[in-house]
Structure formats: structure tokens, C-alpha cells
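Residue numbers (the numbering used here): 14 to 437. Let me begin by presenting the structure, written as C-alpha cells, before commenting on it.
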């Protein structure tokens, strides 16, 4: 029997994945995993002996691995897979993430040759579902595997989409250096796209946010200037709001707080018409912190009152912690150390709802409250933990600023406060 590639390799890969086997499992003792990879990618045509060996390990036959569907069969099978994909999306809309996961895993396992696009969509949505199910290791593994997919590599739009998602996941996990690498990859591949494409803006928002967090502020200024050119053609919505928000962070660190606050206000207006509640809450926090740091007292007071109202409506550990941070920062701004210490008592830096970077930021505000209230030992401990948290995440500039504030007995100079910058 003639082995037709790449159809044979694709079928081998499908059956292997459906059985939960790795390429090493399939290789056994007489083949290498790299050879199996070459076969699956259609870059090697195995001889009859190797083909039979692969089929036996998969519990099937060479004929079955080599079989091709008739056009009518392919159409029927494709429609069935699309139906499962629609059912999985309905599960996601209903918040039934386990059901959506089962449907998507079924589509990935069953999609055969000629159904690469359906399989890709299923794998992409499966990665999203794994994120919703709070399985970060599997979420990351799914995205990395998807990034290596030939279809991803051949399409800049898909390549950028996966790379940006990986960059954001790694940033949330406190792995800024890895996140920067994937954001840079997304920016590189979107350079091939025409200006105005949303993928270009998404890639630059991700890289700008990571640059600010990791302390590459000169680079952030350059990226901010580039991103401003990408904003104009974007339609109103979350992406345009995120782009303005990211530019605002760079503007503030350049010493232009008034312009930064204007951009954040514009971004908040854009988000008000969307359903992105989590993003809206974070932007409101970002705007309040920046207004406090910039000394825009009237604006900060109004924003703080809105934060209180939001916390009363959405009573979660995250909203309670962030309200305590904002109240603490406001009390410190008013030079009310006892009030700051009282609010800071509600800051729980060990809460699971916080990312590593936000945990360090909360510790920094806690340290400032302790110092203002005369609790020197508690302040020193919180400053050290904040600095160590920043260092572990790769935010070395913020760590340095924390150590400097600890040793100097307070903030030095009247420049921007980098701890007050929350990026999208």
C-alpha cells in the first residue's frame, strides 16, 4: 500500500492525541520522537515496516490510517464537528465550562484530514475554556501547542492571536520576561499586516503593558508613540479603550499626568458601552490610583466614591482588597496616617484573586501605611516582601524603587510614582 503524505501523518497524530499518547510513547524503543514528529507533519514517508509498527501501537491498521473519506462522508463529518463546536460555544455562553470542555476535546480528537480549520478553532476555544476553569498549566500548554501548529505559523493573524494570549497569560502569572518574548513575537508577525488591523493594536498593547510592568520605560515611551498611530482607525470598544489606557500609562511615566488622565477618562467612556465588567473595574482602579498620585484631588475624590459604590454592588475579595488599597492611598494623600492604617488592615496580599504583580503592589501600599503610622518593623517587612515579589515577577525596576523607598525613609523626588500605574 502506498503511504500518502501528509494525510497519513495527520491521521497518526489525530489517533495518538485521541488516545492521550505522547510522541515518545508512540516512538517506543526503535524510533525517535523527532522521527514521529516528522511523520506526523508529513515530512517523512515511513516504510511499510515502520507504518505497520505505528499502526499496531495505535491499535489500528495501516489501511485505516491511510483511508480517505469520500466527499459526501467528509461533508457529513464536518457538519457534525461544526455542530459540536456550536454546542461548545453555547456551553460557554451559559457558563457551563466543563460541558464546553468535553465538546471541544471531542472535536479536537475527531477532526480529520481536511478539517484543520475546525480543529484549530476547537483548540483555540479549548485553551480559553481551560483558562476559565483555572487550569493555568494546561492553558499554557494548549497555547504553546497551538502556537506550533502549521496553520498558526502560516497565518499572521492566528499567530498573533495565540502569541498575545500567551503573553497575557504569562504576565498574569508573574513571568514578565517570558511574556515580553511572546508579545515581541506578536508585534513582529503583525508587522506584515496592513495598519488598522486589530491584531496590530492588540500586539502593541500587550508589549507596552509588559514594558511598563518590567520597567523598560524608555521602550514604553517609544511603543506608546507607535500605538497612538494604531488607535485612530480602531472602532469604539474594548480594544480601542485598552490602547488608550496603555498609552496613558506611558504618558504618565514620561511626566505627563494630565494627558494620562485625559486618555484614561476617554478609555472609560468607551468601556462604559461594553460588557467587559472586569476590564471596567480595573480601569476604574487605574484611573483612581493615577489621579491620587498626580494630585488631582477633586477627580480622585469622585472616582473613589464610585469605587465605593462598585464595591457595594460587586462584593468579592478582589473588589474589597482594591477598595482598601484606594482608600489607603487616599488617606496617605490627605496625610491621615491613622485612617490609612485602618484601611490598610483590610488589604490581604495573600488573596488568591491577586496576580503576583498586583500582590507586590498591594504590599507596597501596605508598607507605606505602616510607615506613616509609625509601625517601622511592619513597614520594613512589607517593603521587603513587595520588592521580593516584584523581583520574582521580573519587575526589576519596581523592585529597585521599593528598595530605594525603604532605605530613604519615603519616596524621593516629585516624579511619577510607578507603583500607581495599573496597565490593561
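Beta carbons: idealized from backbone N, C-alpha and C, even for Gly.
Problem set entry | For residue 132, the three-state DSSP class (helix, strand or coil) | In the three-state DSSP reduction, residue 132 falls in the helix class (H, G or I).
For this session: Measure the alpha-carbon distance for residue 337 versus residue 116 and round it to whole angstroms.
Result: Those two C-alpha atoms are separated by around 41 Å.
For this session: Taking only the alpha-carbon atoms, compute the straight-line gap between residue 393 and residue 351 and give it to the nearest angstrom.
Result: Near 18 Å, if we compare the C-alpha coordinates of residue 351 and residue 393.
For this session: Taking the CB atoms as reference points, tell me whether residue 220 and residue 196 lie closer together than 7 Å.
Result: Yes, they are a contact pair.
For this session: Give a yes or no on whether the C-beta atoms belonging to residue 301 and residue 273 are separated by under 7 Å.
Result: Their beta carbons are not under 7 Å apart, which means residue 301 does not touch residue 273 by this criterion.
Problem set entry | Minimum C-alpha distance to residue 416 - residue among 214, 437, 381, 427 | When C-alpha distances from residue 416 are compared across 214, 437, 381, 427, the shortest belongs to 381.
Problem set entry | Alpha-carbon to alpha-carbon, residue 124 and residue 101 | If you draw a straight line from the Cα of residue 101 to the Cα of residue 124, it comes to about 15 Å.
For this session: Express the C-alpha separation of residue 250 and residue 85 in angstroms, rounding to a whole number.
Result: Confidence at residue 85 is low in this model, with a pLDDT of 48, below 50, so its placement is unreliable and no value can be given for it.
Exercise. When the distance is taken between beta carbons, is residue 379 closer than 7 Å to residue 357?
Worked result: Between residue 357 and residue 379, the C-beta spacing is below 7 Å.
Exercise. Counting Cβ pairs closer than 8 Å, one from the stretch 363-372 and one from the stretch 382-389, do we hit at least three?
Worked result: Not touching, per the Cβ criterion.
Exercise. Is the stretch 18-30 in contact with the stretch 41-57, if contact means three or more CB pairs nearer than 8 Å?
Worked result: Contact between the stretch 18-30 and the stretch 41-57 is present, because at least three Cβ pairs lie under 8 Å.
Exercise. Just the Cα atoms here: how many angstroms apart are residue 52 and residue 71?
Worked result: Computed Cα separation, rounded: 14 Å.
Exercise. In this structure, does DSSP put residue 145 in helix, strand or coil?
Worked result: Of the three classes helix, strand and coil, the one that applies to residue 145 here is helix, per DSSP.
Exercise. Would you call the CB atoms of residue 418 and residue 431 closer than 7 Å?
Worked result: Not closer than 7 Å, so no.
Problem set entry | From 279, 224, 22, residue whose alpha carbon lies closest to that of residue 409 | The shortest Cα separation from residue 409 among 279, 224, 22 belongs to 224.
Exercise. Along the chain, where does the alpha helix (DSSP H) that runs through residue 341 open and close?
Worked result: Per DSSP, residue 341 is one residue of the alpha helix (DSSP H) stretching across 330-346.
For this session: Examine the ligand SAH and report whether any of its heavy atoms sits within less than 6 Å of the Cβ of residue 105.
Result: Ligands in the displayed structure: none, and consequently the ligand SAH is not present.
Exercise. Between residue 298 and residue 411, is the Cβ-Cβ spacing less than 7 Å?
Worked result: Contact: no.
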